[in-house]
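Residue numbers (the working numbering): 137 to 575.
We put the beta carbon where it would ideally sit given N, CA and C, even for glycine.
Here the structure comes first, spelled out in C-alpha cells, and everything after it is commentary.
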C-alpha cells in the first residue's frame, strides 16, 4: 500500500511568509467563506465528482486544471473510506434520492492497470454507499475479468442499448456514471438516453474548453476576493487563448507569440508589485483535453517562432491522437513544495459534490518546479486528509497540515463553483437547442 504523507511537504522558497498571509486570511474569514460557498450550492448544484490540480508557489496558491471525470480514486488515503462513502450518500440523498442501480462507464484503455485500479476503487466506494453497480465497456464484445495487482477483481461487461436505455446483460441501471472524458466525441450509444448521465455528455473534452472554465473561475475568484478582501491574482492564474493553430505548418504563431508575451507582461507587473524575484513563465497546452499531453513551458513568445519538429509534433496532438487547434496559454505557477527526498510535488484535491474528500501529492523526481508534473515518471502519495481537515484550526499555526489542507480545499471548491457555472451554461445551451428544433 502507498505510504500516506503525514506531514505536508516543505516549501523550498523564501516566500513562506506570503503564503502564511494567504492562509491566515482564509482561516480568519472561514465563516464568511463557508457562508459564501453555501449560497453558491443553493443556486447551482455541484457535479457528482471533480478533482483539481493546485500549484503552491508560496506567494500564490491557484488551480491549474479541473477534471470532471476524476481518475485516481485508488490514490486517496484508504483510512478515510467512511468519509468518502458518507459524501457519496449525502450527494445521492440530496440529488438522486431512491437511486439503487448505477452503470459505471470507464475509459477505453483497458490495458492500463493503474487506471483500472481507480475504476475498481470507485466501484467499491459506490457499493459501500448502498448501490448496485455494474461496469460497462464501450469497446468490449464479451465480458472481461481483470485480476488487479491490489488483489481486486474487476469485471467489465459489453454495453447494450435497448430503446432509450443502456444496460449490461439485462442490468436496468437508473443512472449512468461516466468515468470517460469522451475526448473522441460522444458515442452514438450514449446519445438521447432515458437514464440521467453524470457528468453530462457536454462535459466531455470534445465540447469543454479550459478557457471557458477559467473564465468562470476568474469571475468566481474575483467575487470571493471582494468578500474577504484579498487580491484575486493571488489565487487566480492569468490566461489567454489562441484559435486556428497548426503546429506542424507553423500557422497561428503570431497569436501565440503575442498572447504568451501578454501573459508574461501581466505576471511581471504583479511580481514587481509583490517584490517577487522569480522569472515569470507560461504553460501552453491544448484548450481541450487532459492526461498531461501537449504541454510546454515557455519564458518568451519568441520560443514559438522556431520550434523544432519534435516540439511541434508533441504539441500538435492530444489524447487519442486528436489534432490541437485551440491553445490555452496560462500563467505558470511555480510549485515550491518538495518532499523529504527533495522531489517536486503538487497537491491534487478530490471532491464528491461540495464535500472535500482529500487528495494526494503528485510527485516527480525528474521534473522542475516550473514544469508540468502530470507526466510519465510521476507517482502519488496520499495526504493524511481527515474529517478534521475540512475546517481550519485557529489555535494551530497557519502552516499546520490542518490549515494548509483547508486552504487547498477553499481553492479547489472555487474551481468547483466555476465548474457548476460551466454546467449551467451547457443546460441553457441544450434548452435553446431543443427550442430551436421544435420552432
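- With respect to the C-alpha of residue 165, the residue from 566, 321 and 546 having the closest C-alpha is 546.
- Take residue 302, set aside five residues on each side of it, and the residues of its chain with a beta-carbon closer than 8 Å to its own are 239, 272, 295, 296, 309, 312, 325, 326, 329 and 331, in chain order.
- Our two residues, residue 186 and residue 244, have alpha carbons roughly 20 Å apart in a direct line.
- For the pair residue 448 and residue 437, the Cα-to-Cα distance works out to about 15 Å.
- Excluding residues up to 5 positions away in sequence, 395, 398, 399 and 465 lie with their Cβ nearer than 7 Å to the Cβ of residue 376 in the same chain.
- Ranked by Cα distance from residue 373, the first of 349, 365 and 268 is 349.
- Residue 527 and residue 198 have their C-alpha atoms spaced approximately 19 Å apart.
- Put simply, the backbone Cα of residue 257 is about 10 Å away from that of residue 263.
- According to DSSP, residue 498 shares a beta bridge with 482 and 516.
- DSSP, reduced to helix, strand and coil, places residue 381 outside both helices and strands of the structure shown, so it counts as coil.
- When secondary structure is reduced to three states using DSSP, residue 303 falls in the strand class.
- Residue 530 is classed as exposed because its beta carbon has fewer than 16 other beta carbons within 10 Å across all chains shown.
- For residue 190, there is no enclosing alpha helix (DSSP H); the residue is found in the beta strand (DSSP E) stretching over 185 to 192.
- Spanning the alpha carbons of residue 371 and residue 192 requires a straight line of approximately 10 Å.
- Under the three-state reduction of DSSP output, residue 434 falls in the strand class.
- In the DSSP assignment, residue 463 falls within the unbroken beta strand (DSSP E) covering 463 to 467.
- Membership of residue 281 in the beta strand (DSSP E) is indicated by the continuous run 280 to 283.
- According to the DSSP assignment, residue 222 belongs to the alpha helix (DSSP H) that extends over 217 to 231.
- Shown here for residue 232: same chain residues with a beta carbon closer than 7 Å to its own, the five before and five after excluded, namely 311 in chain order.
- Counting along the chain, residue 359 sits inside the alpha helix (DSSP H) bounded by residues 346 to 364.
- For residue 241, there is no enclosing alpha helix (DSSP H); the residue is found in the beta strand (DSSP E) stretching over 237 to 242.
- Closest by C-alpha distance to residue 202, out of 345, 572 and 387, is 345.
- DSSP places residue 334 within a strand segment (E or B) once states are collapsed to three.
- Shown here, residue 200 sits in a strand according to DSSP, grouped into three states.
- The beta carbon of residue 532 sits closer than 8 Å to the beta carbons of 538 and 539 from its chain, once the five residues preceding and following it are set aside; these are given in chain order.
- Secondary structure at residue 418: strand, using DSSP grouped into helix, strand and coil.
- Selection 401, 367 and 568 evaluated against residue 157 yields 367 as nearest (Cα-Cα).
- For residue 442, the three-state secondary structure derived from DSSP is coil.
- Spanning the alpha carbons of residue 554 and residue 544 requires a straight line of approximately 16 Å.
- Residue burial is scored here from C-beta neighbours: residue 403 has at least 16 other C-beta atoms within 10 angstroms and is therefore classed as buried.
- The segment 485 to 498 makes contact with the segment 203 to 213: 3 or more CB pairs, one atom from each, lie closer than 8 Å.
- Three or more beta-carbon pairs separated by less than 8 Å link the segment 495 to 510 to the segment 474 to 484, which places the two stretches in contact.
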